[in-house]
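> Protein chains in written order, with this note's numbering: chain A, 1 to 389; chain B, 1001 to 1060.
Structure provided below as structure tokens; questions to follow.
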């Protein structure tokens, strides 16, 4: 069945339980699907755009209110919609980092955090994780000292992930922010895996910038995200244009330079806004989702030779497993080789594990119902038993 | 201009989205609980009503 010429209709979420590590938090609830139907046209939110002609000022549909609500939800002062978390990193780095500035990232920073530093001309320095794959406040302090000694400059910005993409571990952002501020260095919290999935309060964490991903964790279409900041940085980060055309003398009102004017002018902002009530509710049910993840991890760890590489018990559903001494031993002898696990799961209506992976792999069961989580747990064990492990 | 027909199209699509939501929650086997069956029956009834409106508005 096609949904356009040569475009196969995507049925993954309807036909399978999807454990893909990056897709779980971005699945649309029904209200967002309806918004996608109604607002799929290009500039669909602009029907009633009035002065000052900016996305965050549109009253119908209620985008202005949505921006205000997002800031409250994140416990920050000002929020803007951005086309993905990466554009949030980019805006902050472009505002704060000058050419040659040292910038601290972590051993688990996303590549787009690095690219934002590269684009602004900064020099990246990575904070190492400890033996438990956690970025500690002590490690941050040590790195600040080390970098300052080596470069003669204090870092101009620190990036830290609340939950990292490699292990799904929860890092002590509040303690790290406290250290950053002791050195008077602004800190950006990358909440791509947390904002919209679990309660996140920027001011409680003590961060200056908080970035979330709409399509990763706020049940929204891609590319979407949120960038929030405090009153201290709002005017700088969201500074308005001052440029003037030399020939025409044109000026550009209150367009924000880092936002390149308006950001999400159609289906992305509407999908995100339609999902928002659902997102507000689901963050309060976070522990239930973590418990379901732990049920699956426990089932996996009951399989001889299987280890969880992420912190355990899980505090976030994104989880890294090591099945080198279980499923990979089967793969060595199986006629489908490393593809047997993916294939066995697909036969049981489960997908999202990278095809061919039987050593180290990640999954994310966020959003599954209780019965779906139980089913996944049972199926991993069933596959293991069938293969004699 | 048939506002009634346009609204029926969207209502129909929205009802189908509700059914799609249930399909997602019950994947992969789609074994509906008694409550889900009642809800789906109601949705189908509402959908048929929208189809009737479309027939009346656009084809009569």
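All C-beta atoms in this analysis are idealised placements derived from N, C-alpha and C, irrespective of residue type, glycine included.
What does a CB cutoff of less than 6 Å around residue 135 of chain A pick up in its chain, not counting 5 residues either side in sequence?
Hits under 6 Å: 106, 127, 129, 171.
> Using DSSP bridges, identify the partner residues of residue 213 of chain A.
The partner list for residue 213 of chain A (beta bridge, DSSP) reads A:225.
> Note down, in chain order, every chain B residue with its Cβ under 8 Å from the Cβ of residue 14 of chain A.
Result: 1020, 1023, 1024, 1027.
> At the level of alpha carbons, what is the spacing between residue 1008 of chain B and residue 31 of chain A?
When rounded, the distance between both Cα atoms is 17 Å.
> The region 30-50 of chain A: which residues have C-beta closer than 8 Å to a C-beta of chain B, in chain order?
The region 30-50 of chain A vs chain B, Cβ under 8 Å: 30, 33, 34, 37, 38.
> Identify the residues that DSSP records as bridge partners of residue 49 of chain A: which are they?
Answer by DSSP bridge pairing: none, since residue 49 of chain A is not bridged.
> By DSSP's criteria, residue 403 of chain A is part of a beta bridge. Which residues make up the other side?
There is no way to answer for residue 403 of chain A, as the model of chain A reaches only from 1 to 389.
> Nearest chain B C-beta to residue 369 of chain A closer than 8 Å, yes or no?
So, interface residue.
> In the DSSP assignment, the beta strand (DSSP E) including residue 188 of chain A goes from what residue to what residue?
Per DSSP, residue 188 of chain A belongs to the beta strand (DSSP E) from 187-190.
> Any idea which residues DSSP pairs residue 79 of chain A with across the strands?
Bridge partners of residue 79 of chain A: A:228.
> Can you check whether the CB of residue 358 of chain A is closer than 8 Å to the CB of residue 331 of chain A?
Contact flag set, yes.
> Return the Cβ separation of residue 34 of chain A and residue 1014 of chain B in integer angstroms, given the expectation that the two are a contact with Cβ distance under 8 Å.
At roughly 5 Å, the Cβ-Cβ gap stays under 8 Å, so residue 34 of chain A and residue 1014 of chain B are in contact.
> Going along chain A, which residues have a C-beta under 8 Å from residue 1059 of chain B?
Within chain A, no residue comes near residue 1059 of chain B; the closest Cβ sits about 23 Å away, beyond 8 Å.
> List the residues of chain A that residue 1032 of chain B touches, going by C-beta distances under 9 Å, in chain order.
The contacting residues do not exist; residue 1032 of chain B stays about 12 Å from chain A at best.
> With the cut-off set at 8 Å, would you say residue 186 of chain A and residue 208 of chain A are in Cβ contact?
In this structure, residue 208 of chain A lies closer than 8 Å to residue 186 of chain A by Cβ.
> Opposite residue 158 of chain A in the DSSP bridges: which residues?
Paired residues: A:104, A:187.
> Kindly give me the distance between the Cβ atoms of residue 279 of chain A and residue 196 of chain A, rounded to whole angstroms, as I take these residues to be in contact under 8 Å.
Yes, they are in contact, since the Cβ atoms of residue 279 of chain A and residue 196 of chain A sit about 5 Å apart, within 8 Å.
> Any idea what DSSP makes of residue 309 of chain A, helix, strand or coil?
DSSP places residue 309 of chain A in coil when its eight states are reduced to three.
> DSSP three-state label for residue 1006 of chain B, please.
Reduced to three states, the DSSP call for residue 1006 of chain B is helix.
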